[in-house]
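Contents: one structure, followed by commentary.
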Amino acid sequence: MVTRRVKERVTGKRQGLLVHKWAPQLEILSHKSTGAFLSHCGWNSALESLCQGVPIIGWPLAGEQAHNSKMLEEEMGVCVELARGVQSTVVRLDVERIIELVVCKKGKGEEMKRKAMEISGKIRDAVREEGNQKGSSLKALEDFQRSILLRKRDEKDLIDSSVKHMPAFYIS
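The following block contains the structure:
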């Protein structure tokens with residue numbers, strides 16, 4: 003729940019955007035003024051954030067989200083966990099401290115942004131297609147498709163050759 007004071011600050015100074023319904027997440031993440039993303043750390047949301055080079059403030063709620071948050075924080079260095087679970091108590095000062103930490107242009111915030119941008123570049127390289135050059139994800143997808151087609155062809159050839167060599171029985 004957003005307080006009246008916060009609403010007045012945002013709308014009065016025209017600094018930011020309050021979305022009360024479903025939000026165009028990717029559009030918001032790609033906006034140049036987005037400094038961090040408060041996320042439940044579902045994998046699709048995490049990938050969308052990283053594709054745009056936006057560090058994450060994690061609040062995993064269920065399922066694999068806690069694992070994702072931990073990996074994003076400890077292994078990738080692009081997330082700081084604010085809370086965990088629906089029943090978490092979140093203190094205003096903790097929220098302020100973490101936002102300040104993540105969007106700060108120096109120290110940990112700067113490092114998180116650098117790593118998020120680095121990962122963004124790697125993701126883009128993996129799906130890039132320029133002429134005959136393809137990224138690793140596109141190559142892997144094409145190899146997968148090719149293996150399925152070859153397998154289907156081999157199975158069809160096997161069935162066709164089996165049918166040709168089957169003895170014919172005629173019953174009169």
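Read in order, the letters of the sequence shown correspond to residues 3 to 174 in my numbering. Backbone N, C-alpha and C fix where the C-beta goes; we use that ideal spot for every residue, glycine too. Note that the coordinates shown come from a computational prediction; the quantities given were computed from them, not determined experimentally.
- Query: Between the C-alpha atoms of THR36 and GLN17, what's the straight-line distance to the nearest angstrom?
  - Reply: 11 Å
- ASN46 versus ASP96: straight-line alpha-carbon distance, rounded: 26 Å
- Message: What would DSSP say about LEU84, mapped onto helix, strand or coil?
- Response: coil
- Tell me whether VAL8 is buried or exposed, calling it buried when 16 or more other Cβ atoms sit within 10 Å of its Cβ. exposed
- Message: If contacts are defined as beta-carbon pairs under 8 Å, then GLY55 and MET119 qualify, I think. What distance do you get, rounded to the angstrom?
- Response: 4 Å
- Task: Measure the beta-carbon distance from ILE58 to ILE101 and round it to whole angstroms, keeping in mind my assumption that it falls under 8 Å.
- Result: So it is not a contact: roughly 12 Å between Cβ atoms.
- Message: Check this for me: beta carbons of GLU50 and LEU20, under 8 Å apart or not?
- Response: no
- Query: Per DSSP, what kind of secondary structure is LYS23 in: helix, strand or coil?
  - Reply: coil
- Task: Just mark VAL134 as buried or exposed, buried being the case when its beta carbon has 16 or more other beta carbons within 10 Å.
- Result: Here the sequence assigns Asn to residue 134, which means Val is not the residue at that position. Counting Cβ neighbours within 10 Å, ASN134 comes out exposed, since fewer than 16 surround it.
- Name the residue from THR5, ALA48, GLY44 whose alpha carbon lies nearest to the alpha carbon of SER122. ALA48
- Which residue from ALA85, GLU75, GLU113 puts its Cα closest to that of PRO62? ALA85
- Item | Residue range of the beta strand (DSSP E) that includes LEU40 | 39–41
- Item | Where GLU144 sits in the DSSP three-state scheme | helix
- Range of the contiguous beta strand (DSSP E) that encloses GLY79: It is not in any beta strand (DSSP E) - GLY79 carries neither H nor E in the DSSP assignment.
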